[in-house]
Ligand SMILES: NC(=O)C1=CN([C@@H]2O[C@H](COP(=O)(O)OP(=O)(O)OC[C@H]3O[C@@H](n4cnc5c(N)ncnc54)[C@H](OP(=O)(O)O)[C@@H]3O)[C@@H](O)[C@H]2O)C=CC1
Ligand SMILES: N[C@@H](CC=O)C(=O)O
Ligand code: NA
């Protein structure tokens, strides 16, 4: 056993969570500091799992587990393991990785961090919902012996966005504006559906493929209603504001957000029904696309945090076919432009795949490596 070890509890083993398990296992054993000590789905938990290269085995063991998930007990379980390790002369630390999109799991971060357990997550809920929850996380992390929290994959998936911003702000740069394409799903949809020389397709078909590729949220309406982008903008605004003591944005609901969801599908609880009924509105979407095309433009769903003007907004915009948002994006690419005092007049630009299991899990594993 290495003399330092990070005990990892994983909550959520869907697309991103399963990929994370594979990426952790791909680190050679001799220098792998991570030990997976539990795996949890929405209903079950498997303690001390045997995880090897064949995911079918741990998935079957988790499915067969009779132990229900008790989120409160997970932090205490990890603390006990860390204490046991100390007794054996191993410097252990513990982290819970939340790969769900659940508010209930995000609601546990402050408690876990207060118990000395770190939290790493691509789940945006804890950092973009009610300000009280976010402030609770910040307060918990200031306590003695507290765990840390790292959330790189909440914005731009594995792209270095949060870390870049934290370093800018921490080193005293002043952010003026952050703008770009922040949704892998929206990027894929509009890259495939509205652009020069793009083959004509039905809007609903492109959304279905984005979902099949694993770009969408568990419910794709959370992408198409702009909430996912609004959450990312809230996280960025709060990351900028934390240093300046700003009490910015009560929640992501304060972001001026344009929804693309047809009225008749608002509130549709089932993702499957939502996607299958979207086809009823293909003609409405087609009219939008044609209007942009007549003007020599393409449609892109963009977001902006304008610190100087105090505006945070997300919505559909038209760009000339020669604009970088029209020419340089493909697949699920995000593009994020940081306009700051130091990066002026030319912004610092981060671009690349902004959704998908492999790149998201990479961002999560990158955060785990920062704890080593
Ligand atoms: N997919 C992507 O490209 C990106 C995703 N993210 C974020 O990563 C997270 C995971 O996304 P993804 O893997 O695609 O989603 P999935 O729907 O594939 O997986 C979600 C997992 O969370 C589990 N889960 C849901 N609720 C709970 C709960 N209350 N307690 C424990 N487990 C729960 C589900 O369990 P069960 O199987 O039992 O339902 C499932 O295993 C989301 O927050 C998403 O926003 C971030 C960046 C990119
Ligand atoms: N659904 C999100 C996933 C990453 O946050 C997106 O499409 O960007
Ligand atoms: Na990121």
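In the UniProt record's numbering, the protein residues as written are 1 to 372.
Just so it is clear, CB atoms sit at the ideal spot from N, CA and C, and this is done for glycine as well.
Based on the DSSP secondary-structure assignment, which residues constitute the bridge partners of residue i?
i	result
residue 320	297
residue 179	304, 337
residue 118	95
residue 216	The partner list for residue 216 (beta bridge, DSSP) is empty, contrary to what the question assumes.
residue 68	44
residue 5	92
residue 315	302
residue 348	338
residue 36	8
residue 150	120
residue 353	333
residue 256	313
Is the beta carbon of residue i sitting closer than 8 Å to the one on residue j?
i	j	result
residue 6	residue 365	no
residue 203	residue 293	no
residue 201	residue 192	yes
residue 320	residue 296	yes
residue 119	residue 112	yes
residue 374	residue 51	Given that the chain is displayed from residue 1 to residue 372, the structure contains no residue 374 and the question cannot be resolved.
residue 310	residue 258	no
residue 20	residue 10	yes
residue 13	residue 36	no
residue 99	residue 156	no
residue 123	residue 104	no
residue 177	residue 307	yes
residue 214	residue 357	yes
residue 39	residue 62	yes
residue 340	residue 93	no
residue 137	residue 149	yes
residue 240	residue 165	yes
residue 207	residue 316	no
residue 76	residue 45	no
residue 262	residue 284	yes
residue 298	residue 194	yes
residue 4	residue 49	no
Would you say the beta carbon of residue i is closer than 7 Å to some non-hydrogen atom of ligand 3?
i	result
residue 97	no
residue 187	no
residue 159	yes
residue 155	yes
residue 152	yes
residue 6	no
residue 162	yes
residue 363	yes
With hydrogens ignored, establish whether the beta-carbon of residue i is closer than 7 Å to any heavy atom of ligand 1.
i	result
residue 15	yes
residue 41	yes
residue 12	yes
residue 100	yes
residue 357	yes
residue 104	yes
residue 220	no
residue 191	no
residue 55	no
residue 59	no
residue 225	no
residue 66	no
residue 122	yes
residue 234	no
In chain order, what residues of the same chain lie with their CB nearer than 6 Å to the CB of residue i, ignoring the 5 residues before and after it?
i	result
residue 128	231, 234, 235, 252
residue 344	none
residue 260	224
residue 216	185, 210, 223
residue 271	219, 220
residue 229	182, 183, 303, 314
residue 268	274
residue 198	none
residue 337	179, 180, 347, 349
residue 43	none
residue 85	92
residue 289	194
Tell me which same chain residues have a C-beta within less than 8 Å of the C-beta of residue i, skipping the five on either side of it?
i	result
residue 72	108, 111
residue 328	335, 351
residue 333	181, 184, 187, 191, 351, 352, 353, 354
Skipping 5 residues on each side, what residues in its chain have a beta carbon closer than 7 Å to that of residue i?
i	result
residue 146	113, 114, 116, 140
residue 238	127, 134, 248, 249
residue 53	25
residue 22	55
residue 143	114
residue 153	122, 360, 363, 364
Ligand 4 and residue i: does the residue's C-beta get closer than 7 Å to at least one heavy atom of that ligand?
i	result
residue 240	This structure lacks ligand 4; its bound ligands are ligand 1, ligand 2 and ligand 3.
Can you list every residue whose CB sits closer than 6 Å to some heavy atom of ligand 2, going in chain order? Those residues that bring their Cβ nearer than 6 Å to a heavy atom of ligand 2 are 157, 183, 184, 185, 215, 216, 217, 223, 228, 354, 355.
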